[in-house]
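Asks: Shown below is the structure under consideration.
Protein chains: 2
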Amino acid sequence: MMEIAVCGAFVDEQVERLKHGAGDIPVRLVEAEDSCDCAIVFGNPEPEQVASNPSLRWLQLESVGFGEYAGLDWNRDHGQTVVTNLSGFFADPVAESALAGILALYRGIDSLVLLKAEKRWLGDPLRTALRLLRGAHVVLIGYGTINRRLAELLAPFGCAITPITRGSGSDALDMALADADLVVCTAPATPATSGLLDAARLARLPARALLCNFGRGSILDEDSLADALERGRLAGAVIDVTDSEPLPHEHRFWNCPNIILTQHTGGGTMDELDRKIDVFLANLARFRAGTPLEGIVDFSRGY
Amino acid sequence: MMEIAVCGAFVDEQVERLKHGAGDIPVRLVEAEDSCDCAIVFGNPEPEQVASNPSLRWLQLESVGFGEYAGLDWNRDHGQTVVTNLSGFFADPVAESALAGILALYRGIDSLVLLKAEKRWLGDPLRTALRLLRGAHVVLIGYGTINRRLAELLAPFGCAITPITRGSGSDALDMALADADLVVCTAPATPATSGLLDAARLARLPARALLCNFGRGSILDEDSLADALERGRLAGAVIDVTDSEPLPHEHRFWNCPNIILTQHTGGGTMDELDRKIDVFLANLARFRAGTPLEGIVDFSRGY
Numbered sequence: 309m310m311e312i313a314v315c316g317a318f319v320d321e322q323v324e325r326l327k328h329g330a331g332d333i334p335v336r337l338v339e340a341e342d343s344c345d346c347a348i349v350f351g352n353p354e355p356e357q358v359a360s361n362p363s364l365r366w367l368q369l370e371s372v373g374f375g376e377y378a379g380l381d382w383n384r385d386h387g388q389t390v391v392t393n394l395s396g397f398f399a400d401p402v403a404e405s406a407l408a409g410i411l412a413l414y415r416g417i418d419s420l421v422l423l424k425a426e427k428r429w430l431g432d433p434l435r436t437a438l439r440l441l442r443g444a445h446v447v448l449i450g451y452g453t454i455n456r457r458l459a460e461l462l463a464p465f466g467c468a469i470t471p472i473t474r475g476s477g478s479d480a481l482d483m484a485l486a487d488a489d490l491v492v493c494t495a496p497a498t499p500a501t502s503g504l505l506d507a508a509r510l511a512r513l514p515a516r517a518l519l520c521n522f523g524r525g526s527i528l529d530e531d532s533l534a535d536a537l538e539r540g541r542l543a544g545a546v547i548d549v550t551d552s553e554p555l556p557h558e559h560r561f562w563n564c565p566n567i568i569l570t571q572h573t574g575g576g577t578m579d580e581l582d583r584k585i586d587v588f589l590a591n592l593a594r595f596r597a598g599t600p601l602e603g604i605v606d607f608s609r610g611y
Numbered sequence: 309m310m311e312i313a314v315c316g317a318f319v320d321e322q323v324e325r326l327k328h329g330a331g332d333i334p335v336r337l338v339e340a341e342d343s344c345d346c347a348i349v350f351g352n353p354e355p356e357q358v359a360s361n362p363s364l365r366w367l368q369l370e371s372v373g374f375g376e377y378a379g380l381d382w383n384r385d386h387g388q389t390v391v392t393n394l395s396g397f398f399a400d401p402v403a404e405s406a407l408a409g410i411l412a413l414y415r416g417i418d419s420l421v422l423l424k425a426e427k428r429w430l431g432d433p434l435r436t437a438l439r440l441l442r443g444a445h446v447v448l449i450g451y452g453t454i455n456r457r458l459a460e461l462l463a464p465f466g467c468a469i470t471p472i473t474r475g476s477g478s479d480a481l482d483m484a485l486a487d488a489d490l491v492v493c494t495a496p497a498t499p500a501t502s503g504l505l506d507a508a509r510l511a512r513l514p515a516r517a518l519l520c521n522f523g524r525g526s527i528l529d530e531d532s533l534a535d536a537l538e539r540g541r542l543a544g545a546v547i548d549v550t551d552s553e554p555l556p557h558e559h560r561f562w563n564c565p566n567i568i569l570t571q572h573t574g575g576g577t578m579d580e581l582d583r584k585i586d587v588f589l590a591n592l593a594r595f596r597a598g599t600p601l602e603g604i605v606d607f608s609r610g611y
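Protein chains in written order, with my numbering: chain A, 309 to 611; chain B, 309 to 611.
Structure follows, in structure tokens:
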């Protein structure tokens, strides 16, 4: 008999919504490390529990990333098991957080927040140090749902936008960086993006540039960024993702000037879990109707 | 012989630009309190010096506000003296600062900046408290160049925008406030706007609302705003202008939660003085050609 395993930090009310939405299919709550034999799994269980589930037909992840499941044998049942992710789910919150961080640095909000904590009025000396986002040259590394949404939000600012995708080639990236006011990276963690923003690439950026990383920590050489910020060779950074999270207490970023650390909150919203349930239930209706699911993962592409 | 008096904090290079741009008309640097008899004055001299200048033909202010000159007898020479201001000059920077403050509150940048100063990782508890600007109901009080620019910047967020102008009437304002996610006031200081956002109006706002004042301090009842923020009856505020500036050390705003104090920096940019010179020189070319000047002040409208 078909069952749904739900693995996630849902509250009672949300579990009730899931059960109601599932109708006659029983819903079982499981921990990530529990083995289970349910045909449908909603959440991100440990990969070994997925591997050892002989009945699995559909895994709905509650993330966009799926790297930890890529090594499993998805052809074991001749492609009958489908995995879906939350592709596009984080476009709005991450694009809004990226723009929030960028505008904060351009308009001095970071300095003003600290001044308020000290009850200190600075006023004019800060005022004459502020910059406009209008007309900036923006390099978007990765052009999936997040950076496409960011490009929409930037449209009224009249920015010149250079999207960099897998097909752009490294010469195009190098050229774009040399003339960038602003770089926003939302690329996924793949072998091709690992160390993409290394010391040499960071050195190409003009001193006026801001660097934002909302992709993965593995893309960026964190020590080189810390060097550039400390030496004033880069105007600022907005960093959502880091190699190690939580950021270790001794990490250089904590002491760097002009860096906003958004602590991997970029994708967050108050109603995040409810919206994830919405996605699952909409896909469940498709599953029952035998129509194609949304967000099917293509493991061969790596993202 | 016609002369130009320049009154402002310009550096040598900027004075040279002014002299070069003035061509054969001599440029004289004056202090705000100096009396002068120049036909053209660029800057904001003391009103009594303007009143006692019998030769004045054109006063180019380096501000948008002109209230301190409104009491002068501008008909003394049968309307032959023209006053121009920087109408529209601050639309881009103020609109960008307003959006920066709004997005900072929605996306937790204020909290994240303070967490960084403490080297403290919070992450998930903050992530699940964040809100989206997308789809918010925005009430714009005053619909001049600044709020019209802000409306442009908000367009891709799909906000429902209710502009409130002098003609809207107080019922329309009251109704709009009761359903607002966000209120942005950029109204000028006039008898009609004095105390416009009083205790009763602030009480109409939903607890989820943010209030932004980039108009004048006289529009807002500051004590009532402090009450609302301290008691959690309002989600947050972005305050650029206050009754008293610099904000006195004992002012309640310094201790209020969820308030970003932008310290009257909203209009600032690195190149602010250079851009003011651009405006003056462009108007000077019109003055010499006998064509209409841009930004002519209508004292009967009060802004």
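For each residue, glycine too, the CB sits at the ideal point set by N, CA and C. A quick note: this is a predicted structure, and the numbers were derived from the prediction, not measured.
Would DSSP call A/Ala507 helix, strand or coil?
Replies: Taking the first sequence and counting its residues from 1, the one referred to as residue 507 of chain A is at position 199. Assigned with DSSP and collapsed to three states, A/Ala507 falls in helix.
Asks: Nearest to A/Asp582 by alpha carbon, out of A/Gly329, A/Ile312, A/Met483, A/Leu462?
Replies: In the first sequence, the residue the question calls residue 582 of chain A occupies position 274. Comparing Cα positions, the closest option is A/Gly329.
Asks: Consider the Cβ of B/Pro565: report whether some Cβ of chain A lies at a distance smaller than 8 Å.
Replies: By one-based count along the second sequence, residue 565 of chain B stands at place 257. For B/Pro565, not one C-beta of chain A is nearer than 8 Å to its own C-beta.
Asks: Is the separation between the beta-carbon of A/Pro554 and that of B/Gly603 shorter than 8 Å?
Replies: The residue you call residue 554 of chain A lines up with position 246 of the first sequence. The residue you call residue 603 of chain B lines up with position 295 of the second sequence. No, the pair does not count as a contact, with Cβ atoms beyond the cut-off.
Asks: Below 8 Å on the Cβ atoms is my guess for B/Thr570 versus B/Ser405; work out the distance and round it to an integer in Å.
Replies: Mapped onto the second sequence, residue 570 of chain B falls at position 262. Mapped onto the second sequence, residue 405 of chain B falls at position 97. Right, the Cβ-Cβ distance comes to about 6 Å (below 8 Å), so this counts as a contact.
Asks: If we ignore side chains and look at the alpha-carbon of each, how far apart do B/Thr254 and B/Ile547 end up?
Replies: In the structure as shown, chain B starts at 309 and stops at 611, and residue 254 of chain B therefore has no counterpart that could be examined.
Asks: Just to confirm my understanding: we take B/Thr545, look at its own chain, exclude 5 residues before and 5 after, and list those with CB closer than 8 Å. What are they?
Replies: Within the second sequence, numbered from 1, the residue matching residue 545 of chain B stands at position 237. Inspection of the sequence shows that residue 545 of chain B is occupied by Ala rather than by Thr. Taken in chain order, the residues that qualify are Leu518, Leu519, Cys520, Asn521, Leu533, Leu537, Cys564, Asn566, Ile567, Ile568.
Asks: Once you ignore the five residues that flank A/Leu485 on each side, which residues in its own chain have a CB closer than 7 Å to its CB?
Replies: Here the question's residue 485 of chain A lines up with position 177 in the first sequence. Take A/Leu485, set aside five residues on each side of it, and the residues of its chain with a beta-carbon closer than 7 Å to its own are Val447, Val491, Arg509, Arg512, Leu513, in chain order.
Asks: Could you have a look at A/Arg457 and say whether DSSP puts it in helix, strand or coil?
Replies: Taking the first sequence and counting its residues from 1, one reaches residue 457 of chain A at position 149. Reduced to three states, the DSSP call for A/Arg457 is helix.
Asks: Using Cβ-Cβ distances below 7 Å, what residues of the region 427 to 440 of chain B are close to chain A?
Replies: Lys427, Trp429, Leu430, Gly431, Leu434, Arg435, Thr436, Ala437, Leu438, Arg439, Leu440
Asks: Taking only the alpha-carbon atoms, compute the straight-line gap between A/Val549 and B/Trp562 and give it to the nearest angstrom.
Replies: Translated into positions along the first sequence, residue 549 of chain A becomes position 241. Translated into positions along the second sequence, residue 562 of chain B becomes position 254. Distance between the alpha carbons of A/Val549 and B/Trp562: 32 Å.
Asks: Is A/Gln571 close to chain B? Criterion is C-beta to C-beta, closer than 8 Å.
Replies: In the first sequence, residue 571 of chain A corresponds to position 263, counting from 1. At least one chain B Cβ lies under 8 Å of A/Gln571.
Asks: State buried or exposed for A/Asn361, treating a residue as buried only when at least 16 other CB atoms are found within 10 Å of its CB.
Replies: Along the first sequence, one-based indexing puts residue 361 of chain A at 53. When all chains shown are included, A/Asn361 counts as buried.
Asks: So what does B/Val335 bridge to, in DSSP terms?
Replies: Taking the second sequence and counting its residues from 1, the one referred to as residue 335 of chain B is at position 27. Bridge partners of B/Val335: B/Ile312.
Asks: Can you have a look at A/Ser478 and say buried or exposed, based on whether 16 or more other CB atoms are within 10 angstroms of its CB?
Replies: Within the first sequence, the letter at position 170 stands for residue 478 of chain A. Looking at its Cβ environment, which holds fewer than 16 other Cβ atoms inside 10 Å, A/Ser478 is exposed.
Asks: Bridge partners for B/Ala545 per DSSP, in chain order?
Replies: Walking along the second sequence from the start, residue 545 of chain B turns up at place 237. Residue pairing by DSSP places B/Ala545 opposite B/Leu519, B/Ile567 in a beta bridge.
Asks: Which full runs of the alpha helix (DSSP H) of 4+ residues lie inside the region 345 to 397 of chain A, going along the chain?
Replies: 355 to 359
Asks: Between A/Arg524 and B/Asp606, what straight-line distance do the alpha-carbon atoms span, to the nearest angstrom?
Replies: Looking up residue 524 of chain A in the first sequence gives position 216. Looking up residue 606 of chain B in the second sequence gives position 298. So the two alpha carbons sit approximately 55 Å from each other.
Asks: If I measure Cβ to Cβ from B/Leu326 and keep anything under 8 Å in the same chain, skipping five residues before and after, which residues do I get?
Replies: Walking along the second sequence from the start, residue 326 of chain B turns up at place 18. Residues of the same chain with a CB within less than 8 Å of the CB of B/Leu326, apart from the 5 flanking positions on each side, are Ile312, Val314, Phe318, Val335, Phe350, Ile585, Phe588, Leu589 in chain order.
Asks: Looking at the structure shown, is A/Ala444 part of a helix, part of a strand, or coil, going by DSSP?
Replies: In the first sequence, counting from the first residue as 1, residue 444 of chain A sits at position 136. Of the three classes helix, strand and coil, the one that applies to A/Ala444 here is coil, per DSSP.
Asks: Mind listing the chain B neighbours of A/Ala425? Cutoff is C-beta to C-beta under 7 Å, in chain order.
Replies: Within the first sequence, the letter at position 117 stands for residue 425 of chain A. By Cβ distance, chain B contributes Leu422.
Asks: Can you find a C-beta in chain B that's less than 8 Å from the C-beta of A/Arg583?
Replies: By 1-based counting over the first sequence, the position of residue 583 of chain A is 275. With 8 Å as the cut-off, A/Arg583 does not count as an interface residue toward chain B.
Asks: Using the beta-carbon of each residue, which ones in chain B are nearer than 7 Å to A/Leu448?
Replies: Start at 1 with the first residue of the first sequence, and residue 448 of chain A comes out as number 140. Per Cβ cutoff of 7 Å: no residues; A/Leu448 is ~15 Å from chain B at best.
Asks: Along the chain, where does the alpha helix (DSSP H) containing B/Pro401 start, and where does it finish?
Replies: The residue you call residue 401 of chain B lines up with position 93 of the second sequence. Its alpha helix (DSSP H) spans residues 399 to 415.
Asks: Can you name the residues that DSSP bridges to B/Ala495?
Replies: Translated into positions along the second sequence, residue 495 of chain B becomes position 187. The partner list for B/Ala495 (beta bridge, DSSP) is empty, contrary to what the question assumes.
Asks: Around the Cβ of A/Asn393, are there at least 16 other Cβ atoms within 10 angstroms (buried) or fewer (exposed)?
Replies: In the first sequence, the residue the question calls residue 393 of chain A occupies position 85. By the neighbour-count rule (16 or more Cβ atoms within 10 Å), A/Asn393 is buried.
Asks: Express the C-alpha separation of A/Thr436 and B/Glu580 in angstroms, rounding to a whole number.
Replies: For the purposes of this step, residue 580 of chain B is taken as the residue at position 272 of the second sequence. For the purposes of this step, residue 436 of chain A is taken as the residue at position 128 of the first sequence. Going from the Cα of B/Glu580 to the Cα of A/Thr436 covers about 7 Å.
Asks: Return no unless some Cβ of chain A is closer than 8 Å to the Cβ of B/Gly416.
Replies: Position 108 of the second sequence, counted from the first residue, corresponds to residue 416 of chain B. By this cut-off, B/Gly416 is an interface position.
Asks: Could you tell me the boundaries of the beta strand (DSSP E) in which A/Pro471 lies?
Replies: Translated into positions along the first sequence, residue 471 of chain A becomes position 163. Unbroken beta strand (DSSP E) run through A/Pro471: 468 to 472.
Asks: What distance in whole Å lies between the Cβ atoms of B/Ala515 and B/Leu620, which are believed to be in contact at a cut-off of 8 Å?
Replies: Since the first residue shown for chain B is 309 and the last is 611, residue 620 of chain B is missing from the structure and cannot be characterised.
Asks: Using a Cβ-Cβ cutoff of less than 7 Å, which residues in the same chain neighbour A/Ile469 once the five nearest sequence positions on both sides are dropped?
Replies: As a first step, residue 469 of chain A is located in the first sequence; it is residue number 161 there, counting from the start. Cβ neighbours of A/Ile469 beyond the five flanking positions: Val446, Leu448, Ala459, Leu462.
Asks: Checking the sheet assignment: what are the DSSP bridge partners for B/Ile604?
Replies: Sequence index remark: in the second sequence, residue 604 of chain B carries index 296 (1-based). Bridge partners of B/Ile604: B/Thr392.
Asks: Under a CB-based cut-off of 8 Å, is A/Ala412 close to chain B?
Replies: Position 104 of the first sequence, counting from 1, holds the residue named residue 412 of chain A. Yes, A/Ala412 lies at the interface with chain B (some Cβ there is under 8 Å from its Cβ).
Asks: Rounded to whole angstroms, what's the CA-CA distance from A/Trp366 to A/Lys424? Just pull it up for me.
Replies: Residue numbering aside, residue 366 of chain A sits at position 58 when the first sequence is read from its first letter. Residue numbering aside, residue 424 of chain A sits at position 116 when the first sequence is read from its first letter. A/Trp366 and A/Lys424 have their C-alpha atoms some 51 Å from each other.
Asks: With a threshold of 6 Å on Cβ separation, who are the neighbours of B/Met310 within its own chain once the five nearest residues in sequence on each side are excluded?
Replies: Taking the first residue of the second sequence as 1, we reach residue 310 of chain B at position 2. Answer for B/Met310: Ile333, Ala347, listed in chain order.
Asks: So the alpha helix (DSSP H) A/Leu485 belongs to, where does it begin and stop?
Replies: Numbered from its first residue, the first sequence carries residue 485 of chain A at position 177. Element bounds for A/Leu485: 478 to 486.
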